[in-house]
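Trainee:
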Amino acid sequence: MTDPLLITLADALANLMVSIDMTDDDDVDPDVCVPWFEDVAHKLSQLSADDRHRLAQVIREVADREPDAQRQTALLETSDHLGLEDPDDE
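Under my numbering, residue 310 is the last one in the sequence shown; the count climbs by one each step, no gaps.
In structure tokens form, the structure reads like this:
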């Protein structure tokens, strides 16, 4: 069983990132939001490999529940964008 706190935080983080990413460049300047994403990725890179893989799994579960196909695809890409599953971790 997964901790409800982890599920809620992963859902909120992934959906916030997808919402920002899917927003028109005229509404959210990419030069402003890219450093936000880089900061999040850096902080998550400090987790253990097991924790990063678990977070990636929870984000995939969030994506599986997403009814909108475009958002689902973007959610599935979130783990890669955040560097959560580095093949060198294996």
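We put the beta carbon where it would ideally sit given N, CA and C, even for glycine.
Model, not experiment: these values are computed from the prediction.
Count the C-beta pairs between the segment 244-254 and the segment 293-308 that are closer than 8 Å, then say yes if the count reaches three, no if not.
Mentor: No, they do not touch.
Trainee: I'd like the ranges of any alpha helix (DSSP H) spanning at least 4 consecutive residues and lying wholly in the segment 245-273.
Mentor: List check, alpha helix (DSSP H) in window: 250-265.
Trainee: Whose CA, out of Asp-223, Glu-286, His-262, lies closest to the CA of His-301?
Mentor: When only C-alpha atoms are compared, the closest one is His-262.
Trainee: Let me check understanding here. Comparing Cα to Cα, which of Thr-243, His-273, Leu-304 lies closest to Gln-290?
Mentor: Ranking Thr-243, His-273, Leu-304 by Cα distance to Gln-290 puts Thr-243 first.
Trainee: Starting from Leu-225 and walking both ways along the alpha helix (DSSP H), at which residues does that stretch end?
Mentor: Counting along the chain, the alpha helix (DSSP H) containing Leu-225 begins and ends at 224-242.
Trainee: By how many angstroms is the C-alpha of Glu-305 removed from the C-alpha of Leu-264?
Mentor: Roughly 11 Å separates the two Cα atoms.
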